[in-house]
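Please read the structure below before turning to the comments.
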Amino acid sequence: MSADASTSVNYLNHDRSIKSWLLTLDHKRIGILYLVVISLVFLGAGILALFIRLEQIAPGQDIMGPDAYNQIFTIHGVLMVFAFIIPAIPAILGNFVLPMQLGAKDVAFPRLNLLSFYLYVGGALIVLSALLVGRIDGGWTFYAPYSIRVGDSILFVTMGVFVMGFSSILTGVNFIVTIHKMRAPGLTWNRLPLFVWSLYSTAIVQVLATPVIGITVLLLFLERLLGIGIFDPALGGDPVLFQHFFWFYSHPAVYVMILPAFGIISELIGTFSRHRIFGYRFVALSSIAIAFLGALVWGHHLFVAGQSALASTVFSLLTFLIGIPTGVKVVNWVVTMHQGSIQLRTPMLYALMFLILFSIGGFTGIMLGVLPIDIHLHDTYFIVAHFHYVMVGGNVIAALGGLHYWWPKITGKIFNETLGRIAAGLIFVGFNLTFFPQFITGSRGMPRRYYDYPVEFESLNQLSTYGSWVLAAGMFLIAGYLLHSLFKGKKASANPWGSLTLEWTHTNRLPIPHNFERTPIVTRGAYDFHLAKDLFKDEPSGNGVDSHQVPDLEQEGRPEA
Amino acid sequence: MGENGSVFLPEASSSFASEVDALFNFVLAVSTVFFIAVVGTMIYFVIRYRRRSHSFVPAPGKDSRLLELVSIVFPTILVLILFTWGFQVFITLSTAPPDSYEIRVRGKQWFWEFEYPNGVVTVNEMYVPLNKPVRLKMSAEDVLHSFFVPEFRVKHDVIPNRYTTVWFEATKAGEYRIYCTEYCGTQHSAMLGMVHAVPEAEFNTWLQNQDQDIPLLDLGERIFSQYACNACHAIDGTRKIGPQLNGLAGITRTLDDGSTVVADDSYIRESILDPNAKVVDGFAPGLMPAALGASLTPRQLDGLLEYIKSLE
Ligand SMILES: [Cu+2]
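Keeping their order, the protein sequence lines are chains S and D. Start counting at 1 in the first sequence, then tack on 53, and there's your number in this note's numbering. Start counting at 1 in the second sequence, then tack on 95, and there's your number in this note's numbering.
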């Protein structure tokens with residue numbers, strides 16, 4: 054038993070120099086580097102979103118002209134999608150947690166991992182450098198030929214996206230090898246935490262789909278520099294081809310955004326229900342299936358874009374089919390709670406919010422899969438609402454849940470639970486207030502990317518703007534109490550939530566640089582709480598507040614290791 | 096709430112709008128039922144199975160094959176129904192009736208241009224006859240645009256170098272906004288048009304009156320190419336199926352019966368309206384379609400005259 058965790062060596066205090074951070078090969082520190090940079094991106098892109106909503110509070114010009122507005126929504130989209138949502142969960146939480154969940158010292162290729170980080174930063178900078186060359190305009194989808202007319206900035210943006218994509222590929226390869234090769238003894242595939250499964254399927258998509266954006270960038274360069282007509286109709290190119298390329302990458306990228314969120318939700322619901330995940334195998338394998346099938350549905354973005362009616366029909370059918378496993382997962386999570394022992398801590402609140410918001414995102418997705426309905430709703434605010442329910446209600450809410458859940462392991466501190474719940478409430482109310490009205494403005498006809506709008510949409514837009522303030526208040530509150538906890542927070546115990554995965558059961562309050570003193574030996578599945586009863590015997594574990602200091606468990610002589 | 100009692104959908108003003116709405120409302124209803132079931136169960140479980148003791152570890156839940164199977168098969172059947180139903184309506188939406196009235200649509204940064212079969216061109220204002228299928232043949236001049244009329248439930252992208260089409264049959268008289276739904280730059284949100292759905296008689300009057308704005312000569316030139324007069328008549332002195340028309344005005348014509356006639360306004364007018372009344376020497380009678388003249392409005396005829404007389 055280590056006497057006082059704060060004086061013992063851990064991954065944070067073993068070397069405090071700046072260099073040791075910037076050149077670190079420790080997956081945990083790399084995770085934190087990502088956390089810092091990605092949070093800044095989120096802050097920036099989030100503030101842009103507030104500007105967008107502010108301009109939309111009334112028809113006509115409110116705070117800026119159309120050109121500024123158009124650039125702001127474009128940059129908001131580009132940053133949020135490519136620099137925030139895609140990397141957030143795998144790069145931050147995946148990096149921090151994955152090796153520990155596997156009982157490994159680190160990822161398989163620590164240097165490659167560091168390279169991924171710098172590629173990510175470099176890519177983000179290349180995207181922003183486009184602002185020096187010209188405008189960033191055209192929406193995050195960059196449809197030709199408008200985006201090409203804007204100027205050379207498109208080359209920088211797509212290049213930056215590609216470099217960030219390369220970072221994803223390397224992280225993906227790293228994770229795949231790590232999961233295959235570095236699992237602790239006894240950690241069979243059937244015992245893997247579902248977060249690991251989800252990172253695995255995410256990695257598959259990253260490795261397979263991201264090269265397509267590289268090809269697209271290459272073609273754009275060829276067109277731009279040599280004047281070969283590929284996408285630009287003025288040169289005899291085909292603008293619809295660009296859309297095919299774009300979605301051939303970006304639709305799978307949607308799964309890069311959502312699959313890891315599924316993984317977090319499984320962890321949260323398992324832990325806070327103290328119950329095995331119902332249909333574990335289905336949940337695990339369906340992620341893999343979705344990863345592959347996800348490559349076959351890109352055409353549902355092109356129902357009204359000029360693709361053949363036959364193609365649209367096929368894509369509609371495939372879209373429905375891929376929706377089913379996702380729906381079944383939601384059922385699995387709910388059934389997991391049946392006869393469990395449910396504790397509503399802040400991370401679990403996020404899991405429940407996820408189930409509600411993601412379901413709305415999913416059902417509206419099914420709606421959009423129906424061809425004639427999509428024809429009416431395509432490119433309206435309904436779409437904006439739909440994908441915010443999926444991306445924010447799914448990915449961001451899960452990421453927040455995960456961040457709260459692993460916060461004690463990352464920082465060794467516990468955050469203020471009351472504020473945590475209040476913030477979760479604000480986010481839930483703010484989010485719905487912001488985005489639900491957009492379903493209505495959209496289905497009643499208001500197109501997306503609209504600087505100005507007819508006056509009949511005013512009241513709903515106003516509601517939406519008020520909602521964005523509530524949402525922002527929730528986000529800033531989170532940032533506030535999390536930062537506060539760093540300095541003033543109570544010390545967490547090694548396993549404050551009563552989880553069963555190795556990062557909680559077999560590491561110190563703050564993990565040592567190589568995670569484990571000794572390689573753990575695994576004898577049960579990630580959610581076999583009934584086989585770990587002694588863990589919960591006398592310690593009121595899982596209350597989150599450290600009133601009764603749970604001692605750091607020793608690496609040896611543990612009940613089930 | 097709209098006039099039709101729906102929170103989500105605007106008025107249904109085209110022949111197939113209510114079919115689309117039926118689908119929409121069906122998915123909405125089924126989704127709502129499922130959503131309430133899922134969230135309701137979730138809330139019930141959270142309350143019913145809340146943690147009572149810190150040391151309590153529940154028995155592991157059993158995997159139920161049956162439940163899993165039901166939760167896969169049932170939604171599969173539902174989405175297949177949706178797909179088939181959606182497909183049927185989609186076919187209606189994508190097949191314009193063969194007798195549709197065709198209007199040419201051009202999307203430009205940042206306005207809509209509509210051209211009618213008789214050559215009338217309007218900007219941002221489109222008139223359509225009620226209860227008649229109208230097919231839009233669309234293309235863009237610069238970047239992508241997208242043609243959207245919410246009340247008709249029609250939308251399609253408008254693309255440079257390519258024709259795309261939508262069709263609809265307006266069933267309620269009124270004015271409906273046309274939006275551009277594909278981002279097209281600074282004034283994207285100002286690229287608004289208006290469809291005026293009016294009874295057919297009113298539509299025809301409107302269309303004829305539209306000629307009024309066009310100078311006679313331009314009107315004549317346009318009609319000349321639109322009615323394919325130029326297929327038979329050269330205007331550069333060469334001989335096609337019919338005699339060349341340049342320099343016709345004022346000259347003396349020899350007819351096939353040997354008589355001569357001065358090509359004044361009345362003669363040209365008669366030659367268009369009743370081609371076989373006087374047949375030019377060296378040309379066979381009956382070649383020039385007699386029906387052509389009948390469909391011309393008086394002003395169009397005047398335009399043609401002006402135009403032919405202007406040819407040298
Ligand atoms: Cu446009």
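Glycine is no exception: its CB is placed at the ideal position from the N, C-alpha and C atoms.
Within a 10 Å sphere around the beta-carbon of H283/D sit 16 or more other beta-carbons, which makes this residue buried. Measuring C-alpha to C-alpha distances from A532/S to each of L65/S, F274/S and V89/S identifies V89/S as the nearest. Of the residues assessed, K81/S falls on the buried side of the cut-off, its CB having 16 or more other CB atoms within 10 angstroms. At least 9 Å separates the beta-carbon of L247/S from that of I232/S. Under the DSSP assignment, K72/S falls outside any beta strand (DSSP E), being part of the alpha helix (DSSP H) whose first and last residues are I71 to L75.
Residue environment for S166/D: buried (at least 16 other C-beta atoms within 10 angstroms of its C-beta). Beta-carbon to beta-carbon, S221/S and Q259/S are separated by about 4 Å, close enough to satisfy the 8 Å threshold. With its beta carbon less than 9 Å from one in chain S, E277/D belongs to the interface. Within chain S, the residues whose beta carbon sits less than 7 Å from that of K250/D are V357, I428, H429 and H431, listed in sequence order. Look at the region 373-398 of chain S: the residues with a C-beta under 9 Å from a C-beta of chain D are F373, L374, G376, I377, P378, G380, V381, V383, V384, N385, W386, V387, V388, T389, M390, H391, Q392, G393, S394, I395, Q396 and L397. Residue contact check for W180/D against chain S: a CB pair falls below 9 Å. In the pairwise beta carbon analysis, the region 380-395 of chain S is classified as not touching the region 447-457 of chain S: fewer than three pairs are separated by under 8 Å.
Any Cβ of chain S closer than 9 Å to the Cβ of R201/D would place that residue at the interface, and such an atom is absent.
Scanning its chain for C-beta atoms nearer than 8 Å, with the 5 sequence neighbours on each side dropped, one finds around E276/S the residues I201, G282, I283, F284, D285, L288 and G290, in chain order. As summarised for the region 202-239 of chain D, there are no continuous alpha helix (DSSP H) elements at least 4 residues long confined to that stretch. Nearest CB-CB separation between P500/S and chain D: below the 9 Å threshold. Check the Cα spacing between A404/S and each of V437/S, I318/S, I139/S and A579/S: the tightest is with I318/S. Around A545/S, the same chain offers P461, G465, K466, I467, R562 and D599 as residues with beta carbons nearer than 7 Å, after the five sequence neighbours per side are excluded. Classified as buried, S206/S has 16 or more neighbouring CB atoms from the shown chains inside 10 Å of its CB. A Cβ-Cβ distance of about 11 Å is found for the pair G323/S and N385/S, leaving them out of contact under the 8 Å criterion.
Within the region 213-239 of chain D, A235, D237, V238 and L239 place their CB atoms closer than 9 Å to a CB of chain S, listed in sequence order. The DSSP assignment places complete alpha helix (DSSP H) segments of no fewer than 4 residues inside the region 521-558 of chain S at 555-558, in order along the chain. Chain-ordered, the chain S residues with CB closer than 7 Å to the CB of S284/D read Y503, Y504, D505 and Y506.
For the 9 Å CB-CB criterion, H291/D and E316/D do not form a contact. If you ignore the 5 residues before and after M212/S, its C-beta comes within less than 7 Å of the C-beta of I179 and V270, all in its own chain and listed in chain order.
For M289/D, the closest Cβ of chain S is not nearer than 9 Å. Along the region 177-197 of chain S, going in chain order, the ones with a CB nearer than 9 Å to a CB of chain D are D190, G191, G192, T194, Y196 and A197. At a C-beta separation below 8 Å, H297/S has no neighbours in chain D, since its nearest C-beta there lies roughly 13 Å away.
Per DSSP, the unbroken beta strand (DSSP E) holding G288/D starts and ends at G288 to V293. If you draw a straight line from the Cα of P155/D to the Cα of I138/D, it is about 20 Å long.
With contacts defined as CB atoms closer than 9 Å, V575/S and G191/S fail to qualify as a contacting pair. Secondary structure note for H251/D: its beta strand (DSSP E) is the uninterrupted segment V249 to V253. In terms of beta-carbon proximity, I413/S lines the interface with chain D, with at least one pair separated by less than 9 Å. With a cutoff of 9 Å on beta-carbon distance, H129/S and A102/S are scored as near each other. For E270/D, the secondary structure class from DSSP, reduced to helix, strand or coil, is strand.
Its Cα nearest to that of T494/S, the residue V437/S stands out among V437/S, K72/S and V336/S.
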